[in-house]
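A.B. asks: According to my numbering, the stretch in the sequence shown is residues 791 to 1035, in order.
Backbone N, C-alpha and C define an ideal beta-carbon position, used for all residues, glycine too.
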Amino acid sequence: MTLEARLFGMQAAFLGPEPSDDALAALGDPGRLRVYRALVRAGLFDAVRRALPRTVEALGADAETLFDAFLAEGHPKTRYYWRIPLELAGFLETRLPAGVPPHARDLLRYESNRWRLRNEAFDAPPEFTSLSFDRPPVLTPARALLRVGHRVDVPGEAQVAEARILSLHRDRHHRVAMLVLNETSAALLEAMGASPDRTLSDIVQDVARARGVAITPSFIEKLSTLLESMLAKGLLLGSLRAPSR
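Shown next, in the form of structure tokens:
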């Protein structure tokens, strides 16, 4: 048996369906290889448990069954250990059984996005300066906006049904920070991300017009509070620096 054939055989034995003794005997001692198989699979599941602890808890016994199905379909395909939970999350998006707790889907999205923001390598933002309404705003590239139906961001309240808009981002200290937004502030954040060349003033006016919101002193006060919070948390970095002449 060539080295390549042995490596593929080991991968199938450890990650695929339960192998027969004859299949294992072609690779080595069946008893020892079954121990290795159990250790490898347990190690991979531990990586998932560390990244998605509340999701695993919510799924209960289904968690390991679903993980076995994930492995049986040829996963993981990534060579990066930290990406395995993200690959599993993508696999489960359309495969969670109907009987799982309703909040489990939201927990999966919430925890997998937090894990991605903590570990992914994002592009550097463009050069920016202090915030100005006359310049385009600059957001951190390490961000995600989630719409969930449960209070998954509140410890002990994940099962409570409530529509929430969660803005997650990696802050300057490499921690995942969060803001809970309303529909107008979420629309403003989405417009900032989708309009990198438009001034903050134009973005605010467009969002207010689209949502039928009058730009009153009360609106300006709430907008100022939102922008201050976004700046303090490192979601909003400032304004795009003007090109040098």
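What would DSSP say about Leu971, mapped onto helix, strand or coil?
C.D. replies: Working through the sequence shown from its first residue, we reach residue 971 at position 181. Reduced to three states, the DSSP call for Leu971 is strand.
A.B. asks: My understanding is that Ser957 touches Leu979, with C-beta atoms under 8 Å, so please give their C-beta distance in whole angstroms.
C.D. replies: Taking the sequence shown and counting its residues from 1, one reaches residue 957 at position 167. Taking the sequence shown and counting its residues from 1, one reaches residue 979 at position 189. Correct: roughly 6 Å between the Cβ atoms.
A.B. asks: Quick one: any contact between the region 928-936 and the region 871-891, if contact means 3 or more CB pairs under 8 Å?
C.D. replies: Not touching, per the Cβ criterion.
A.B. asks: Under three-state DSSP, which class holds Phe912?
C.D. replies: Your numbering for residue 912 matches position 122 in the sequence shown. Coil, per DSSP.
A.B. asks: Indicate, with yes or no, if the ligand SAH has a heavy atom lying under 6 Å from the CB of Leu878.
C.D. replies: Ligands are entirely absent from the displayed structure, and the ligand SAH is therefore not among its contents.
A.B. asks: Give me the Cβ distance between Met982 and Asp943, rounded to the nearest whole Å; I'm assuming they're in contact under 8 Å.
C.D. replies: As a working note, residue 982 is residue 192 in the sequence shown. As a working note, residue 943 is residue 153 in the sequence shown. Wrong, their Cβ atoms sit about 22 Å apart, outside the cutoff.
A.B. asks: Examine the Cβ distances between the region 910-922 and the region 1005-1014 and report whether three or more of them are shorter than 8 Å.
C.D. replies: They do not touch, by the three-pair rule.
A.B. asks: Quick check on this structure: which residue in Ala841, Met1020, Ala816 has the alpha carbon closest to the alpha carbon of Glu901?
C.D. replies: Counting from 1 along the sequence shown, the entry for residue 901 is found at position 111. The candidate whose alpha carbon is nearest that of Glu901 is Ala841.
A.B. asks: Could you spell out where the beta strand (DSSP E) holding Glu1018 opens and where it closes?
C.D. replies: Numbered from 1 along the sequence shown, position 228 holds the residue referred to as residue 1018. Element bounds for Glu1018: not the beta strand (DSSP E) but the alpha helix (DSSP H), 1007-1023.
A.B. asks: Which residues does DSSP list as the beta-bridge partners of Leu935?
C.D. replies: Against the sequence shown, residue 935 aligns to sequence position 145. BP columns for Leu935 point to Ser957.
A.B. asks: Residues in the same chain with beta-carbon distance under 7 Å from Phe881, minus the five sequence neighbours each way, listed in chain order, please.
C.D. replies: For the purposes of this step, residue 881 is taken as the residue at position 91 of the sequence shown. Closer than 7 Å at the Cβ level, and outside the excluded window around Phe881, lie Phe860, His865.
A.B. asks: In whole angstroms, give me the CA-to-CA distance for Leu805 and Ile955.
C.D. replies: Here residue 805 refers to the residue found at position 15 of the sequence shown. Here residue 955 refers to the residue found at position 165 of the sequence shown. Using only the alpha carbons, I get a separation of about 37 Å.
A.B. asks: Is the region 844-853 close to the region 816-828, with three or more CB pairs under 8 Å?
C.D. replies: Touching, no.
A.B. asks: If you draw a straight line from the alpha carbon of Glu808 to that of Leu856, how long is it in whole angstroms?
C.D. replies: The residue you call residue 808 lines up with position 18 of the sequence shown. The residue you call residue 856 lines up with position 66 of the sequence shown. Taking the straight line from one Cα to the other gives about 15 Å.
A.B. asks: In chain order, what are the residue ranges of uninterrupted alpha helix (DSSP H) at least 4 long that sit wholly in the region 822-862?
C.D. replies: Here the runs fully enclosed are 843-849, 852-862.
A.B. asks: Compare the C-alpha of Tyr870 against each of Gly850, Val838, Arg965, Glu854 and name the closest.
C.D. replies: Walking along the sequence shown from the start, residue 870 turns up at place 80. The candidate whose alpha carbon is nearest that of Tyr870 is Val838.
A.B. asks: Got a sec, what are the start and stop residues for the beta strand (DSSP E) Ser991 sits in?
C.D. replies: Reading the sequence shown from its first residue, position 201 is the one you call residue 991. Where Ser991 is concerned, there is no enclosing beta strand (DSSP E), although the alpha helix (DSSP H) it sits in stretches over 990-1000.
A.B. asks: Return the residue from the list Ala879, Ala862, Asp924, Val950 that minimises the CA-CA distance to Pro891.
C.D. replies: For this step, residue 891 is matched to residue 101 along the sequence shown. Of Ala879, Ala862, Asp924, Val950, the residue nearest in Cα terms is Val950.
A.B. asks: Quick check on the burial criterion: 16 or more other C-beta atoms within 10 angstroms. Buried or exposed for His940?
C.D. replies: Stepping through the sequence shown from its first residue, residue 940 is reached at position 150. The residue is buried, with at least 16 neighbouring Cβ atoms inside 10 Å.
A.B. asks: Does DSSP classify Ala981 as helix, strand or coil?
C.D. replies: Position 191 of the sequence shown, counting from 1, holds the residue named residue 981. Here Ala981 sits in helix by DSSP.
A.B. asks: Measure the alpha-carbon distance for Leu1016 versus Leu1030 and round it to whole angstroms.
C.D. replies: Here residue 1016 refers to the residue found at position 226 of the sequence shown. Here residue 1030 refers to the residue found at position 240 of the sequence shown. Cα to Cα, Leu1016 sits roughly 19 Å from Leu1030.
A.B. asks: Leaving out five residues before and five after Ser810 in sequence, what residues of the same chain have Cβ atoms less than 7 Å from its Cβ?
C.D. replies: Counting from 1 along the sequence shown, the entry for residue 810 is found at position 20. Cβ within range, chain order: n/a, list empty.
A.B. asks: Please state the DSSP three-state secondary structure of Phe798.
C.D. replies: If you number the sequence shown from 1, residue 798 lands on position 8. In this structure, Phe798 counts as helix in the three-state DSSP scheme.
A.B. asks: Could you tell me the distance, in whole angstroms, from the CA atom of Pro986 to the CA atom of Ala802?
C.D. replies: Sequence index remark: in the sequence shown, residue 986 carries index 196 (1-based). Sequence index remark: in the sequence shown, residue 802 carries index 12 (1-based). The straight-line gap from Cα to Cα measures roughly 47 Å.
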